[in-house]
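The numbering used here puts the sequence shown at residues 3 to 282. Cβ coordinates follow ideal geometry from the N, Cα and C atoms, glycine included.
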Amino acid sequence: MRVIAKHITSCILTLTLWQVCLAQNIPVQEVTLKNGMRVLMVERHNVPRIAAGWVAKVGSANERPGITGIAHLFEHMMFKGTRSIGSKNPKRDLQIIIEQEAIREQMRQEERKIREMLRKGEIPDMINPENMTPRWRELNAKFQKLVEEQRKLLVKNEFSKIYSEAGATQLNAFTTEDMTVYFVSLPANKLELWMWMESERILHPVFREFYSEREVVMEERRLRVEAPPLGRHYEQFGAMFWNSVPYKWPVIGWPSDLLSISKADADEFFATYYTPQNIT
Numbered sequence: 003m004r005v006i007a008k009h010i011t012s013c014i015l016t017l018t019l020w021q022v023c024l025a026q027n028i029p030v031q032e033v034t035l036k037n038g039m040r041v042l043m044v045e046r047h048n049v050p051r052i053a054a055g056w057v058a059k060v061g062s063a064n065e066r067p068g069i070t071g072i073a074h075l076f077e078h079m080m081f082k083g084t085r086s087i088g089s090k091n092p093k094r095d096l097q098i099i100i101e102q103e104a105i106r107e108q109m110r111q112e113e114r115k116i117r118e119m120l121r122k123g124e125i126p127d128m129i130n131p132e133n134m135t136p137r138w139r140e141l142n143a144k145f146q147k148l149v150e151e152q153r154k155l156l157v158k159n160e161f162s163k164i165y166s167e168a169g170a171t172q173l174n175a176f177t178t179e180d181m182t183v184y185f186v187s188l189p190a191n192k193l194e195l196w197m198w199m200e201s202e203r204i205l206h207p208v209f210r211e212f213y214s215e216r217e218v219v220m221e222e223r224r225l226r227v228e229a230p231p232l233g234r235h236y237e238q239f240g241a242m243f244w245n246s247v248p249y250k251w252p253v254i255g256w257p258s259d260l261l262s263i264s265k266a267d268a269d270e271f272f273a274t275y276y277t278p279q280n281i282t
């Protein structure tokens with residue numbers, strides 16, 4: 003019932019807000035940029051701050067089996083910085099990511115062999131590193147070495163700090179079945195900064211610490227779904243109720259998919275949905 007109630011509440015809230023806008027006759031200026039992005043503006047001259055944000059018209063309903071949870075994962079990754087924000091050595095940082103992906107691809111090939119070993123009963127599980135092949139352990143050691151090198155180059159939370167130092171508050175984001183929203187409140191004279199910051203992360207995002215962030219999302223899933231007594235029941239009910247449509251999988255994704263999403267999947271998802279024509 004909670005799943006149904008959530009969707010009903012969302013519809014009621016949307017209709018209520020729309021009616022409020024109509025009742026107050028709020029003048030909304032709408033401009034479509036040359037690249038197809040739609041911009042909506044409401045002036046409030048009596049307030050020294052602005053509420054700014056953008057909506058990517060993509061959510062969990064745009065996913066497919068195998069990559070469920072990727073829309074929500076982007077909510078995390080879009081705060082990791084850009085080519086000019088988040089690293090002491092951007093050039094080496096990008097090279098490390100390329101090297102990491104090359105190793106990860108080899109690890110995925112090795113994991114296919116290990117899954118076959120598991121299927122045949124040759125190993126008890128894939129959790130204990132000792133059950134993995136020597137080649138996989140060798141590749142994992144190389145990957146972890148690159149992870150440590152990258153961490154030394156990171157400027158942690160630089161994206162958020164730039165906003166904070168400019169007087170911004172409420173920097174956040176959320177993901178639903180149909181959209182992903184990024185928003186912030188900042189002084190009115192910092193509008194140009196907001197435009198630059200958001201243009202940067204739409205045009206030049208860098209998905210640093212991709213695989214460790216997957217683990218962060220997995221932990222979030224454990225807290226939200228697996229820890230509460232009725233968490234799994236609500237999730238299963240939603241899957242049954244929305245059986246024939248993409249709304250059947252949870253926004254946070256299935257665990258098996260979260261652990262198998264690759265950066266290549268993320269790059270493809272971003273290129274498909276984070277386009278000017280799909281953003282307001």
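Secondary structure at M197: helix, using DSSP grouped into helix, strand and coil. DSSP places G233 in the helix class (H, G or I) of the three-state scheme. In the structure shown, N64 falls within a helical segment according to DSSP collapsed to helix, strand and coil. S162 is a Cβ neighbour of F81, given a cutoff of 8 Å. Pairwise C-beta distances place the stretch 158-173 in contact with the stretch 79-96, as three or more of them are shorter than 8 Å. Of the other Cβ atoms in all chains shown, fewer than 16 fall within 10 Å of the Cβ of H206; this residue is therefore exposed. Comparing alpha-carbon positions, the option among V157, Q97 and V186 lying closest to V57 turns out to be V186.
CA-to-CA, the gap between T274 and E65 works out to about 11 Å. Every alpha helix (DSSP H) stretch that sits fully inside the stretch 36-92 and reaches 4 residues is listed by chain position as 72-79. In this structure, the alpha-carbon of Q172 lies about 39 Å from that of I129.
Within its own chain, the residues whose Cβ lies closer than 6 Å to the Cβ of M43, once the five positions on either side in sequence are excluded, are Q31, listed in chain order. For L188, same chain residues with a beta-carbon under 8 Å away, outside a window of 5 residues either side, are R51, I52, A54, Y165, A168, G169, A170, T171, L195 and W196 in chain order. DSSP, reduced to helix, strand and coil, places Y276 outside both helices and strands of the structure shown, so it counts as coil.
A distance below 8 Å between beta-carbons, with the five flanking residues on each side excluded, links N280 to the following residues of its chain, in chain order: A58, K59 and V60. For F185, the uninterrupted beta strand (DSSP E) segment begins and ends at T182 to P189.
Taking 8 Å as the cut-off, the beta carbon of N142 is found closer than this to the beta carbon of M109.
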